[in-house]
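Asks: Got a structure for you, questions after.
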Amino acid sequence: MQMAKVRGTVVGTQKLRSMTGVKLLLLQFIDHNGELLPKYEVAADPVGAGLEEWVLVNRGSAARQEEGHQNRPLDAMVVAIIDTVTVDNRRIYGEQQS
Amino acid sequence: MQMAKVRGTVVGTQKLRSMTGVKLLLLQFIDHNGELLPKYEVAADPVGAGLEEWVLVNRGSAARQEEGHQNRPLDAMVVAIIDTVTVDNRRIYGEQQS
Amino acid sequence: MQMAKVRGTVVGTQKLRSMTGVKLLLLQFIDHNGELLPKYEVAADPVGAGLEEWVLVNRGSAARQEEGHQNRPLDAMVVAIIDTVTVDNRRIYGEQQS
Amino acid sequence: MQMAKVRGTVVGTQKLRSMTGVKLLLLQFIDHNGELLPKYEVAADPVGAGLEEWVLVNRGSAARQEEGHQNRPLDAMVVAIIDTVTVDNRRIYGEQQS
Amino acid sequence: MQMAKVRGTVVGTQKLRSMTGVKLLLLQFIDHNGELLPKYEVAADPVGAGLEEWVLVNRGSAARQEEGHQNRPLDAMVVAIIDTVTVDNRRIYGEQQS
Numbered sequence: 001m002q003m004a005k006v007r008g009t010v011v012g013t014q015k016l017r018s019m020t021g022v023k024l025l026l027l028q029f030i031d032h033n034g035e036l037l038p039k040y041e042v043a044a045d046p047v048g049a050g051l052e053e054w055v056l057v058n059r060g061s062a063a064r065q066e067e068g069h070q071n072r073p074l075d076a077m078v079v080a081i082i083d084t085v086t087v088d089n090r091r092i093y094g095e096q097q098s
Numbered sequence: 001m002q003m004a005k006v007r008g009t010v011v012g013t014q015k016l017r018s019m020t021g022v023k024l025l026l027l028q029f030i031d032h033n034g035e036l037l038p039k040y041e042v043a044a045d046p047v048g049a050g051l052e053e054w055v056l057v058n059r060g061s062a063a064r065q066e067e068g069h070q071n072r073p074l075d076a077m078v079v080a081i082i083d084t085v086t087v088d089n090r091r092i093y094g095e096q097q098s
Numbered sequence: 001m002q003m004a005k006v007r008g009t010v011v012g013t014q015k016l017r018s019m020t021g022v023k024l025l026l027l028q029f030i031d032h033n034g035e036l037l038p039k040y041e042v043a044a045d046p047v048g049a050g051l052e053e054w055v056l057v058n059r060g061s062a063a064r065q066e067e068g069h070q071n072r073p074l075d076a077m078v079v080a081i082i083d084t085v086t087v088d089n090r091r092i093y094g095e096q097q098s
Numbered sequence: 001m002q003m004a005k006v007r008g009t010v011v012g013t014q015k016l017r018s019m020t021g022v023k024l025l026l027l028q029f030i031d032h033n034g035e036l037l038p039k040y041e042v043a044a045d046p047v048g049a050g051l052e053e054w055v056l057v058n059r060g061s062a063a064r065q066e067e068g069h070q071n072r073p074l075d076a077m078v079v080a081i082i083d084t085v086t087v088d089n090r091r092i093y094g095e096q097q098s
Numbered sequence: 001m002q003m004a005k006v007r008g009t010v011v012g013t014q015k016l017r018s019m020t021g022v023k024l025l026l027l028q029f030i031d032h033n034g035e036l037l038p039k040y041e042v043a044a045d046p047v048g049a050g051l052e053e054w055v056l057v058n059r060g061s062a063a064r065q066e067e068g069h070q071n072r073p074l075d076a077m078v079v080a081i082i083d084t085v086t087v088d089n090r091r092i093y094g095e096q097q098s
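Each protein sequence line maps, in turn, to chains A, B, C, D and E.
Okay, so the first sequence: first residue is 1 according to our numbering, each after it adds one.
Okay, so the second sequence: first residue is 1 according to our numbering, each after it adds one.
Okay, so the third sequence: first residue is 1 according to our numbering, each after it adds one.
Okay, so the fourth sequence: first residue is 1 according to our numbering, each after it adds one.
Okay, so the fifth sequence: first residue is 1 according to our numbering, each after it adds one.
Next comes the structure, spelled out in structure tokens:
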């Protein structure tokens with residue numbers, strides 16, 4: 001999975017019937033230091049992430065491993081909203097535990 | 001999925017039988033700011049997109065998740081025509097709602 | 001799918017039994033303007049393309065979506081020989097219709 | 001598979017139910033000379049790797065080829081902790097055998 | 001498939017049970033002119049390639065299309081040892097036929 005920041009939404013009304021009811025987020029990828037990368041993915045979001053949140057996004061057939069997604073033509077899906085990212089024992093994202 | 005602009009068509013008569021009747025569009029990819037990228041995909045289009053329209057394109061096994069596509073050797077498919085793209089609450093593509 | 005030009009062949013006699021009888025072409029990728037890219041794929045060719053022809057090549061599990069290919073360890077296959085490529089209503093490859 | 005170094009962890013509490021109980025490591029990729037690359041993957045770890053260890057990580061549907069992973073939306077998984085890497089008969093990682 | 005040169009081996013003892021008995025080669029990729037690329041893959045080798053040999057390697061689910069590999073978490077596999085590569089009717093690898 002890659003880490004990504006929710007940047008916006010993509011909407012289309014003329015689409016495959018199997019795309020009906022799928023919320024599509026525009027996600028910009030983040031590198032392992034927490035910096036934005038010039039790379040994005042439009043992904044289904046069954047988790048309910050909000051603008052600017054960091055999420056984990058999968059790609060490929062993994063995007064259809066979710067109840068109700070099995071027969072949708074999806075190749076990217078949000079699987080979690082990220083709380084914390086820790087690199088070399090240093091918290092690079094999320095609240096410090098108190 | 002990636003965003004892409006319909007740039008043209010690709011036609012071949014000598015092909016696998018399973019490719020018969022598949023309309024193939026030449027799609028040029030668009031970045032998350034709406035700029036064209038030097039990257040393309042030739043994708044099946046069961047949606048009916050027109051030249052210059054923005055579309056969402058999937059890749060991989062997702063391209064066969066459509067009635068009549070299951071046994072075709074496709075690895076890219078148009079899943080929707082894009083109406084609007086919104087980044088950081090700013091509309092970067094599509095009509096402003098009135 | 002990507003567009004590619006047939007540049008040559010790859011031959012191996014010591015191989016998996018499931019690779020027996022598969023003709024392997026060396027394909028060099030072409031960009032959306034028709035220029036050769038520094039990128040290639042060795043792909044199975046059940047279509048019968050010849051040297052210098054332009055072809056459409058798929059990748060991934062799509063390469064096994066063909067009678068007799070289902071259990072072969074293939075990840076790239078020629079699906080069509082390209083007759084014409086049209087970008088922005090301009091023919092960039094193939095004969096002008098008369 | 002790619003070689004990668006364990007750099008940290010990613011934690012999220014709001015996630016798909018199928019992600020429950022999956023330990024996620026932040027892995028930074030290593031090139032064939034043993035140098036760190038500016039590329040990472042967040043992968044499930046059923047092996048139990050520790051910080052700074054070198055691991056082998058797979059991607060794609062291979063990440064679900066493990067008891068208990070089959071229906072999880074994973075696209076990357078640690079498959080082994082690396083003991084030794086040998087290039088051109090030279091040990092580039094791991095203890096010299098005595 | 002890509003062409004690659006066998007550069008070495010990767011060994012790990014702490015691993016998924018399904019990785020037991022899989023020989024893993026470190027393969028460095030070769031471009032379509034026969035030059036080494038700064039890119040590698042660690043792949044299962046059921047063919048029996050030796051150091052410095054050129055091989056064909058697949059990636060993705062194709063790596064499990066082999067008797068005994070179906071349930072292993074592999075995403076890359078050697079499918080053949082290359083005898084000859086011919087580009088534009090010029091032999092770039094392998095013995096000239098006499």
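All residues carry an ideal CB built from backbone N, CA and C; glycine is no exception.
Model, not experiment: these values are computed from the prediction.
Would you mind giving the Cβ-Cβ distance between GLN14 of chain A and ILE81 of chain B, rounded to the nearest angstrom? I have them listed as a contact below 8 Å.
Replies: Residue 14 of chain A sits at position 14 when you count from the first residue of the first sequence. Residue 81 of chain B sits at position 81 when you count from the first residue of the second sequence. Confirmed, Cβ separation roughly 4 Å.
Asks: For the beta strand (DSSP E) containing THR86 of chain D, name the first residue and the last one.
Replies: On the fourth sequence, position 86 is the one that residue 86 of chain D refers to. Residues 84-87.
Asks: What is the DSSP secondary structure of ARG59 of chain E, counted as helix, strand or coil?
Replies: Residue mapping note: residue 59 of chain E aligns to position 59 of the fifth sequence, counting from 1. ARG59 of chain E falls in the strand class under three-state DSSP.
Asks: Assuming VAL22 of chain C is part of the beta strand (DSSP E), what are its boundary residues?
Replies: As a working mapping, residue 22 of chain C is identified with position 22 in the third sequence. No beta strand (DSSP E) holds VAL22 of chain C; DSSP gives it neither H nor E.
Asks: Looking only at DSSP bridge pairs, what is LYS9 of chain B linked to?
Replies: Position 9 of the second sequence, counted from the first residue, corresponds to residue 9 of chain B. One detail in the question is off: residue 9 of chain B reads as Thr in this sequence, not Lys. Its beta-bridge partners are B:LEU25, C:THR86.
Asks: How far does the beta strand (DSSP E) with ALA43 of chain D in it extend, from its first residue to its last?
Replies: Counting from one through the fourth sequence, the residue named residue 43 of chain D turns up at place 43. Per DSSP, ALA43 of chain D belongs to the beta strand (DSSP E) from 36-44.
Asks: Name, going along the chain, the residues of the region 71-84 of chain B whose beta-carbon falls closer than 9 Å to a beta-carbon of chain A.
Replies: So the close ones are MET77, VAL78, VAL79, ALA80, ILE81, ILE82, ASP83, THR84.
Asks: Enumerate in chain order the residues of its own chain whose CB-to-CB distance from LEU16 of chain C is below 7 Å, with the five nearest sequence positions on each side excluded.
Replies: Residue 16 of chain C sits at position 16 when you count from the first residue of the third sequence. If we look at LEU16 of chain C and ignore the five residues flanking it on each side, its Cβ neighbours are PRO73.
Asks: Per the contact definition of three or more C-beta pairs closer than 8 Å, is the region 39-48 of chain A in contact with the region 3-14 of chain C?
Replies: Contact fails: fewer than three Cβ-Cβ distances are below 8 Å.
Asks: ALA43 of chain E and LEU56 of chain E look like a contact to me (Cβ under 8 Å); what is the Cβ gap, rounded to whole Å?
Replies: Sequence index remark: in the fifth sequence, residue 43 of chain E carries index 43 (1-based). Sequence index remark: in the fifth sequence, residue 56 of chain E carries index 56 (1-based). Actually they are not in contact, since the Cβ atoms of ALA43 of chain E and LEU56 of chain E sit about 10 Å apart, beyond 8 Å.
Asks: Residues of chain E with CB closer than 8 Å to the CB of LEU16 of chain C, please, in chain order.
Replies: Taking the third sequence and counting its residues from 1, the one referred to as residue 16 of chain C is at position 16. Simply PRO46, VAL47, GLU66, VAL79, ALA80.
Asks: Just the C-alpha distance for ASP115 of chain C and GLY12 of chain B, rounded to the nearest angstrom, thanks.
Replies: There is simply no residue 115 of chain C to check, as chain C begins at 1 and stops at 98 in what is shown.
Asks: DSSP puts VAL78 of chain C in a beta bridge; with which residues?
Replies: As a position in the third sequence, residue 78 of chain C is number 78, starting the count at 1. DSSP output for VAL78 of chain C lists C:VAL57 as bridge partner(s).
Asks: Once you ignore the five residues that flank VAL85 of chain B on each side, which residues in its own chain have a CB closer than 6 Å to its CB?
Replies: Locating residue 85 of chain B in the second sequence gives position 85, where the first residue counts as 1. Closer than 6 Å at the Cβ level, and outside the excluded window around VAL85 of chain B, lie ILE92, TYR93.
Asks: Could one say the Cβ of THR86 of chain D lies closer than 9 Å to chain E's Cβ atoms, at least one of them?
Replies: Taking the fourth sequence and counting its residues from 1, one reaches residue 86 of chain D at position 86. For THR86 of chain D, the answer is yes, since a Cβ of chain E falls inside 9 Å of its Cβ.
Asks: Where does ARG72 of chain E fall in DSSP's three states?
Replies: Taking the first residue of the fifth sequence as position 1, residue 72 of chain E is located at position 72. Three-state result, ARG72 of chain E: coil.
Asks: How would you list, in chain order, the residues of chain C whose beta-carbon sits under 7 Å from the beta-carbon of LEU56 of chain E?
Replies: The sequence position of residue 56 of chain E within the fifth sequence is 56, counting from 1. Correct list: VAL10, GLY12, VAL42.
Asks: Using a Cβ cut-off of 7 Å, pull out every chain A residue sitting near MET19 of chain D, in sequence order please.
Replies: In the fourth sequence, residue 19 of chain D corresponds to position 19, counting from 1. Under the 7 Å cutoff, chain A gives VAL79, ALA80.
Asks: For GLU66 of chain C, count the other beta carbons within 10 Å of its own beta carbon; 16 or more makes it buried, fewer makes it exposed. Which is it?
Replies: Taking the first residue of the third sequence as 1, we reach residue 66 of chain C at position 66. Burial call: buried.
Asks: Would you mind stating whether ALA63 of chain A and ALA62 of chain B have Cβ atoms separated by less than 9 Å?
Replies: Within the first sequence, residue 63 of chain A is the residue found at index 63, counting from 1. Within the second sequence, residue 62 of chain B is the residue found at index 62, counting from 1. Yes, the Cβ-Cβ distance between ALA63 of chain A and ALA62 of chain B is below 9 Å.
Asks: With a CB to CB cut of under 7 Å and the five nearest residues on each side skipped, what residues in its chain are close to THR9 of chain B?
Replies: Walking along the second sequence from the start, residue 9 of chain B turns up at place 9. Excluding residues within five positions, the ones whose Cβ falls inside 7 Å are LEU24, LEU25, LEU26.
Asks: Using beta-carbon positions only, say whether ASP45 of chain E and MET77 of chain E come within less than 9 Å of one another.
Replies: What you label residue 45 of chain E is simply residue 45 of the fifth sequence in a count that begins at 1. What you label residue 77 of chain E is simply residue 77 of the fifth sequence in a count that begins at 1. Yes, the Cβ-Cβ distance between ASP45 of chain E and MET77 of chain E is below 9 Å.
Asks: Give a yes or no on whether 9 Å exceeds the smallest Cβ distance from GLN2 of chain B to chain A.
Replies: Taking the second sequence and counting its residues from 1, the one referred to as residue 2 of chain B is at position 2. Yes - at least one Cβ of chain A is within 9 Å of the one on GLN2 of chain B.
Asks: With distances taken between CB atoms, is the gap from LEU51 of chain C to ASN33 of chain E smaller than 9 Å?
Replies: Taking the first residue of the third sequence as position 1, residue 51 of chain C is located at position 51. Taking the first residue of the fifth sequence as position 1, residue 33 of chain E is located at position 33. Cβ distance not < 9 Å, so LEU51 of chain C and ASN33 of chain E don't count as in contact.
Asks: Using a C-beta to C-beta distance shorter than 7 Å, which residues of chain D count as neighbours of ARG59 of chain A?
Replies: As a first step, residue 59 of chain A must be located in the first sequence, where it is residue number 59. Those within 7 Å of ARG59 of chain A in chain D are ASP75.
Asks: With a threshold of 9 Å between beta-carbons, can ARG90 of chain A be considered close to chain H, or not?
Replies: This model lacks chain H altogether, as its protein chains are A, B, C, D and E.
Asks: Quick check: GLY60 of chain E and GLY68 of chain C, are their CB atoms within less than 9 Å of each other?
Replies: On the fifth sequence, residue 60 of chain E is found 60 positions in, with the first residue counted as 1. On the third sequence, residue 68 of chain C is found 68 positions in, with the first residue counted as 1. Against a cut-off of 9 Å, the Cβ pair of GLY68 of chain C and GLY60 of chain E comes out as no contact.
Asks: Quick one: Cα of VAL87 of chain D to Cα of GLN70 of chain B, how far?
Replies: To locate residue 87 of chain D, count along the fourth sequence from 1; it is residue 87. To locate residue 70 of chain B, count along the second sequence from 1; it is residue 70. Straight-line Cα distance between these residues: approximately 43 Å.
Asks: Please list, in chain order, the chain B residues whose beta carbon lies closer than 9 Å to that of LEU26 of chain A.
Replies: Within the first sequence, numbered from 1, the residue matching residue 26 of chain A stands at position 26. Going along chain B in sequence order, the residues near LEU26 of chain A (Cβ under 9 Å) are MET3, HIS32, VAL85, THR86, VAL87.
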